[in-house]
Amino acid sequence: MNYQHNLQRLLLKIPHGKVSTYREIAHAMGMCAYRFVGQLLHKNPHPDKFPCYKVVQSDGKLGGFALGDAEKIRRLKADGVSVKNGKVVDFTHKFHRFS
DNA sequence: TTTACGGCTAGGT
DNA sequence: AACCTAGCCGTAA
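To convert a position in the first sequence, counted from 1, into the numbering used here, add 1.
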């Protein structure tokens, strides 16, 4: 059982049309190293196979994406989450909490 | 062992 | 609201 696996499991638990944050994920993994979550996502061997684009910053800003911000926006939109001015629209309502 | 560095965050200007 | 700063915690080198 490693962090990667854990992370992927959590990603898959995010409902369609919703997003989560680095901080929330870190907490759900039983740690407080939210920055580390970013590293894991960046090193994700299959960015195409896991919804890593569904993870944004705690204030609703996009954060980053290995394949580029534009691509992240595209995927979010395709998932039912619209982005405007680099922020998730109606973020608080689209935020999914694991607990 | 130490250093540098992240797809960050919270807090202050 | 936008920008800056200092913490944050595991890795990798």
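Just so you know, even glycine gets a beta-carbon here, dropped at the ideal spot from N, CA and C.
Just so it is clear, the structure is predicted and the values come from calculations on it, not from any experiment.
- Within the same chain, VAL82, SER83 and VAL84 come within 8 Å of VAL90 by CB-CB distance, once the 5 residues on both sides are set aside.
- For LEU63, the closest C-alpha among the options LYS14, GLY31, HIS97 and THR22 is that of THR22.
- Taken through DSSP and simplified to helix, strand or coil, LYS95 comes out as helix.
- For VAL82, the secondary structure class from DSSP, reduced to helix, strand or coil, is coil.
- Assigned with DSSP and collapsed to three states, LYS19 falls in coil, not helix or strand.
- If you draw a straight line from the Cα of ALA29 to the Cα of LEU12, it comes to about 11 Å.
- Counting of Cβ neighbours within 10 angstroms places GLU25 among the buried residues, the total reaching 16 or more.
- When the five nearest sequence neighbours on each side are left out, the beta carbons in the same chain lying within less than 8 Å of the beta carbon of VAL56 are those of LEU12, VAL20, SER21, THR22, TYR23, ILE26, VAL38, LEU42 and GLY64, in order along the chain.
- Rounded to whole angstroms, the Cβ separation of PHE99 and LYS14 is 7 Å, and the two are in contact under 8 Å.
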